[in-house]
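Trainee: These protein sequences, in sequence, are chains A and B.
In this text, residue positions in the first sequence follow numbering that gives the first Met the number 0: the first is 0, and each later residue adds one.
In this text, residue positions in the second sequence follow numbering that gives the first Met the number 0: the first is 0, and each later residue adds one.
Note that beta-carbon positions come from the ideal geometry of N, C-alpha and C, so glycine has one too.
Small disclaimer: the values here were computed from a predicted structure and weren't measured.
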Amino acid sequence: MDIGAIWDLIILKPMINSLISLSQVLWGSFGLTIIVLTVIVRGAMYPLTLKQLRATKAMQMLQPKLAALQKKHGSDKQKLAQEQMQLYKESGVSPSGCLLPMLIQMPIWIALYQAIIRVMAVNPESFLNLSHYLYSWPVVFEALPLNNQFLGLNLASPNFLLAIIVGASMWVQQKMVQAPPVPGADPKAQSQAQTMTVMMPLMFTFLSMSFPSGLALYWVASNIISFVMQYFISGWGGLEPLKDKLVLRLSQLFKGQGSLRDRLSLAGRTQVLPGAPQSPDVSGQLSDEVADSDRGEAAAGESPAPKKDKAKPKSRKGKKGKHK
Amino acid sequence: MRIKKKSLKLTAFTALIAVGVVITGCAGVGTAQAGWSGVTAGDGSVYLGSAGGKLVALNVENGFYQWQENLEGSTTSTGLGCAGAAPAVIYATPVLSGETLYVGDYSGRLYAYNINDRQSKSVLLNGASSKSIIGSPLVHDGTIFTGSTDGSLYAFDAASLTFKWKYDTGGEIWAAPAAWQNSIFVASFDKKVYSLNSQTGQPNWDAPFECDGPIIASPVVYGDMVIVASLDRHVYALDAVTGELLWAFPAGDGDEQGPSRWLWAAPVAENGTLFVAGMDGLIYVLNSASGQLAGTIDLEAPVAATPVIAGSRLVAVTDSGRIFSIDTTSYQKIELRNLDAAVTAPLGADNGTVYIHSVKESTVYAVNGETGALLWSTTIE
Chain A
0 MDIGAIWDLI
10 ILKPMINSLI
20 SLSQVLWGSF
30 GLTIIVLTVI
40 VRGAMYPLTL
50 KQLRATKAMQ
60 MLQPKLAALQ
70 KKHGSDKQKL
80 AQEQMQLYKE
90 SGVSPSGCLL
100 PMLIQMPIWI
110 ALYQAIIRVM
120 AVNPESFLNL
130 SHYLYSWPVV
140 FEALPLNNQF
150 LGLNLASPNF
160 LLAIIVGASM
170 WVQQKMVQAP
180 PVPGADPKAQ
190 SQAQTMTVMM
200 PLMFTFLSMS
210 FPSGLALYWV
220 ASNIISFVMQ
230 YFISGWGGLE
240 PLKDKLVLRL
250 SQLFKGQGSL
260 RDRLSLAGRT
270 QVLPGAPQSP
280 DVSGQLSDEV
290 ADSDRGEAAA
300 GESPAPKKDK
310 AKPKSRKGKK
320 GKHK
Chain B
0 MRIKKKSLKL
10 TAFTALIAVG
20 VVITGCAGVG
30 TAQAGWSGVT
40 AGDGSVYLGS
50 AGGKLVALNV
60 ENGFYQWQEN
70 LEGSTTSTGL
80 GCAGAAPAVI
90 YATPVLSGET
100 LYVGDYSGRL
110 YAYNINDRQS
120 KSVLLNGASS
130 KSIIGSPLVH
140 DGTIFTGSTD
150 GSLYAFDAAS
160 LTFKWKYDTG
170 GEIWAAPAAW
180 QNSIFVASFD
190 KKVYSLNSQT
200 GQPNWDAPFE
210 CDGPIIASPV
220 VYGDMVIVAS
230 LDRHVYALDA
240 VTGELLWAFP
250 AGDGDEQGPS
260 RWLWAAPVAE
270 NGTLFVAGMD
280 GLIYVLNSAS
290 GQLAGTIDLE
300 APVAATPVIA
310 GSRLVAVTDS
320 GRIFSIDTTS
330 YQKIELRNLD
340 AAVTAPLGAD
350 NGTVYIHSVK
360 ESTVYAVNGE
370 TGALLWSTTI
380 E
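#1: So, under 8 angstroms CB-CB, Leu-36/A and Leu-18/A are touching, yes? Tell me the CB distance rounded to an integer number of Å.
#2: Taking Cβ positions only, does Pro-176/B come closer than 8 angstroms to chain A?
#3: Is there a Cβ of chain A sitting closer than 8 angstroms to that of Ala-344/B, yes or no?
#4: Got a sec? Which residues, its chain only, sit under 7 angstroms from Ala-341/B by beta carbon, not counting five neighbours each side?
#5: So with CB distances below 7 angstroms, who are the chain B contacts of Pro-144/A?
#6: For the region 259-275 of chain B, which residues have a CB atom closer than 9 angstroms to at least one CB atom of chain A, in sequence order?
#7: Distance check for His-139/B and Ser-121/B, CA to CA, integer angstroms please.
#8: Considering just the uninterrupted stretch of the beta strand (DSSP E) at Arg-108/B, what are its terminal residues?
#9: Ordered along the chain, which non-local residues of its own chain (more than five positions away) have a Cβ less than 8 angstroms from that of Gly-166/A?
#10: Mind pulling the chain A residues with CB within less than 7 angstroms of Ile-133/B?
#11: If we ignore side chains and look at the alpha-carbon of each, how far apart do Ala-382/B and Ile-115/A end up?
#12: Please identify, using Cβ separations under 7 angstroms, the residues of the region 218-246 of chain B that lie next to chain A, in order along the chain.
#13: For Leu-281/B and Val-40/A, I'd like the C-alpha separation in whole angstroms.
#14: Please tell me whether Leu-127/A has its Cβ less than 8 angstroms away from any Cβ of chain B.
#15: Quick check: the region 137-152 of chain A against the region 19-31 of chain A, are there 3 or more CB pairs under 8 angstroms?
#16: Locate the alpha helix (DSSP H) running through Gln-83/A, then write down its first and last residues.
#17: Taking C-alpha atoms, which residue in Tyr-153/B, Gly-97/B, Thr-378/B lies nearest to Asp-42/B?
#18: With three or more beta-carbon pairs closer than 8 angstroms as the criterion, would you say the region 89-96 of chain B touches the region 43-55 of chain B?
#19: Does the Cβ of Tyr-64/B have 16 or more other Cβ atoms within 10 Å, making it buried, or fewer, making it exposed?
#20: By DSSP, does Ile-172/B sit in helix, in strand, or in coil?
#21: Per DSSP, what kind of secondary structure is Arg-268/A in: helix, strand or coil?
#22: Note down, in chain order, every chain A residue with its Cβ under 8 angstroms from the Cβ of Tyr-90/B.
#23: Who pairs with Met-224/B in a beta bridge, going by DSSP?
#24: Report the rounded CA-to-CA distance for Ser-44/B versus Pro-123/A, giving the unit in angstroms.
#25: Given a threshold of 16 other Cβ atoms within 10 Å of its Cβ, counted over all protein chains shown, does Val-267/B qualify as buried or as exposed?
#26: Using CA atoms only, rank isn't needed, just tell me which of Thr-241/B, Thr-370/B, Asn-203/B, Leu-285/B is closest to Ala-228/B.
#27: By DSSP's criteria, Leu-95/B is part of a beta bridge. Which residues make up the other side?
#28: Give me the residue from Pro-211/A, Lys-174/A, Leu-61/A with the minimum Cα distance to Thr-194/A.
#29: Hey, how far is the Cα of Val-314/B from the Cα of Glu-68/B?
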């Protein structure tokens, strides 16, 4: 038995038959089935994802120290390697920590991707080929062919809008994986990470424009699950500065309502900084805003974008923000 | 200097995006389609739809080219709005009626070619929003019938291709319709078989017959029965007049761990016996009156191509190209030859010769159904 046959037997066939059987429960809707199966598989992989995300975060935290080592021992590669290993050891971080869980999950992602492509059967040849992967379960035979229409989309054809959503959601996800800019971090590594943040979403957008939109739906569902997980594990990550900028822009939009920004961005922080100067009471603010809108606008314009968020995920990083 | 470097990077990046847009948006990377048109013989020629979207006529004696015509094809549009002409994809086996050859393509266009002067006319089913034609058309009583993936059976005047009527089923139609007296039988992905009046398109039965799986194989009329093989792995015999179920045969029942048991190929009837080839590699031999299993013939590989009767033998080809000849009374099989070529297109037969179209190899083989001798083979350009 060659490796392809083993792959089909152990991974692909169970995935394909689960997908088809699940669709029977979900009113024959293939779109809904893709979303639900993606959630189930991502849920089952959660412990590994958690490990991977934590390891990634730990590696990101070490970046300034690694950059310092690079600067110090750049010319002596052996010494640099020794020092890096020592640093990893002391910090309890394994460089393979983020790679290994990802490698374990990889076959599952590939199988899910292949299963969706095969079950979608975009043309008659694909549908005939599907018969080679089916179990002799009555439910499987009764469910086929699946309904490729979902929310007005034909999942067997490419869809431009969904391709854009794939790119956007992947950009958000990539950005969240990135650590916020840390002083002292290796600029080369930062630049590489930034390139990836742009290139990956672009690549997937292009792919989605050519592939059946069922796959794009899978990528969107997967990205959304990823950034929800990411948020609960390490917060907004690289989106932090952007979020702050957005809040500032919003406050500028609402002319003279500087306290709106306060409410949006700082409401949660006032509670975690005992002893810090308190913002005026929100109920009192509303009347102040009406009475003195110019003052509010000036305040919003003058103050720099809040760089450090004291919201829950940030407080774990042990950084202190400037409270207005 | 720095600005220059930056702008160079930006230009390279923009160029990369542009190339990506062109490659993925306009060229496309979807699954290639080749169709699975079978071969039909008549009037000294064999006719088929090629993988390149051409209607091809070969000399029945030696396989030499007689003529070929490009079908119109379709205009494709990608997600980025890039449009281009795509060659026709032909799944339907051409049908010869008098001097006219009828065939449908995947863009939903039905063509009528005069084989003498090669003048053609065509009609796009259901206007511009037409779906695809996969099943072969049927000519009956001056009318041509064809199913579509939009779920409708269409009837056109065979001479003028003027629209007569259409009947909507609840699922895609991939099977060729069958005719008996003034009835047209059509099977659909909605798991139902319909009997329609060939003149009016009105249903003949009180209710369509319903089974548990979609039907891809064409219904076969045998005597006053309609035989249907379904993806639910059952063969059904229906009363052609009333639609009443006469018997049902479960193929591969009881082997839950076995391979797929789809019945993709249409049944073949001969001398009171039905031969039903399955994707499990078995040919089920059934008594046509009772549906009782008379025997099974193991071909050891899936069969998607509908077999044919050639002389006194049934000829079947597996999806890997192994050709078997089966005695229709003793059910003894002989392996005639191995083409080593994937075959999914229905077989054609004329005067004891079997015509096999391997779409993947773009080759037509003419094989003696009794001896297995290869009479000729022609590669379609």
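Mentor: The relevant details are as follows:
#1: In the first sequence, counting from the first residue as 1, residue 36/A sits at position 37. In the first sequence, counting from the first residue as 1, residue 18/A sits at position 19. The pair is a contact, with the Cβ atoms about 6 angstroms apart (cut-off 8 angstroms).
#2: Stepping through the second sequence from its first residue, residue 176/B is reached at position 177. Chain A contact via Cβ: absent.
#3: If you number the second sequence from 1, residue 344/B lands on position 345. So no, Ala-344/B is outside the interface.
#4: On the second sequence, position 342 is the one that residue 341/B refers to. Cβ within range, chain order: Asp-318, Ser-319, Gly-320, Ser-357, Lys-359.
#5: Counted from its first residue, the first sequence places residue 144/A at position 145. Chain B residues near Pro-144/A: Phe-188, Pro-213.
#6: Ser-259, Arg-260, Trp-261, Trp-263
#7: Position 122 of the second sequence, counted from the first residue, corresponds to residue 121/B. Position 140 of the second sequence, counted from the first residue, corresponds to residue 139/B. Looking at the two C-alpha atoms, the distance is approximately 18 angstroms.
#8: Taking the second sequence and counting its residues from 1, the one referred to as residue 108/B is at position 109. Run containing Arg-108/B: 108-113, per the beta strand (DSSP E) assignment.
#9: Sequence index remark: in the first sequence, residue 166/A carries index 167 (1-based). Within the same chain, Cβ atoms closer than 8 angstroms to the Cβ of Gly-166/A are found at Pro-200, Leu-201, Phe-203, Thr-204, Ser-207, the five residues on either side in sequence being excluded.
#10: By 1-based counting over the second sequence, the position of residue 133/B is 134. Within 7 angstroms Cβ-Cβ: Pro-123.
#11: In the structure displayed, chain B extends from 0 to 380; residue 382/B sits before or after that span and is not available.
#12: Leu-230, Asp-231, Arg-232
#13: Taking the second sequence and counting its residues from 1, the one referred to as residue 281/B is at position 282. Taking the first sequence and counting its residues from 1, the one referred to as residue 40/A is at position 41. Roughly 37 angstroms between the two C-alpha positions.
#14: Position 128 of the first sequence, counting from 1, holds the residue named residue 127/A. Leu-127/A counts as touching chain B.
#15: Touching, per the Cβ criterion.
#16: For the purposes of this step, residue 83/A is taken as the residue at position 84 of the first sequence. 76-90 is the span of the alpha helix (DSSP H), which, as asked, contains Gln-83/A.
#17: For the purposes of this step, residue 42/B is taken as residue 43 along the second sequence, with counting starting at 1. Comparing Cα positions, the closest option is Gly-97/B.
#18: yes
#19: Here residue 64/B refers to the residue found at position 65 of the second sequence. Flag for Tyr-64/B reads exposed.
#20: The count along the second sequence starts at 1 and reaches residue 172/B at position 173. Reduced to three states, the DSSP call for Ile-172/B is coil.
#21: Here the question's residue 268/A lines up with position 269 in the first sequence. Summary for Arg-268/A: the model assigns pLDDT 45, below 50, so the residue's position carries little reliability, and this model does not support an answer.
#22: The sequence position of residue 90/B within the second sequence is 91, counting from 1. Within chain A, the residues near Tyr-90/B are Pro-123.
#23: The count along the second sequence starts at 1 and reaches residue 224/B at position 225. Met-224/B pairs with Tyr-221/B, Asp-238/B.
#24: Taking the first residue of the second sequence as position 1, residue 44/B is located at position 45. Taking the first residue of the first sequence as position 1, residue 123/A is located at position 124. Taking the straight line joining both Cα atoms gives about 28 angstroms.
#25: Within the second sequence, residue 267/B is the residue found at index 268, counting from 1. Buried: at least 16 other Cβ atoms inside 10 Å.
#26: Along the second sequence, read from residue 1 onward, the residue named residue 228/B stands at position 229. Of Thr-241/B, Thr-370/B, Asn-203/B, Leu-285/B, the residue nearest in Cα terms is Leu-285/B.
#27: Here residue 95/B corresponds to residue number 96 of the second sequence, with the count starting at 1. Note: Leu-95/B sits in a beta bridge opposite Leu-100/B.
#28: Numbered from 1 along the first sequence, position 195 holds the residue referred to as residue 194/A. The option with the nearest alpha carbon to Thr-194/A is Lys-174/A.
#29: What you label residue 314/B is simply residue 315 of the second sequence in a count that begins at 1. What you label residue 68/B is simply residue 69 of the second sequence in a count that begins at 1. Straight-line Cα distance between these residues: approximately 30 angstroms.
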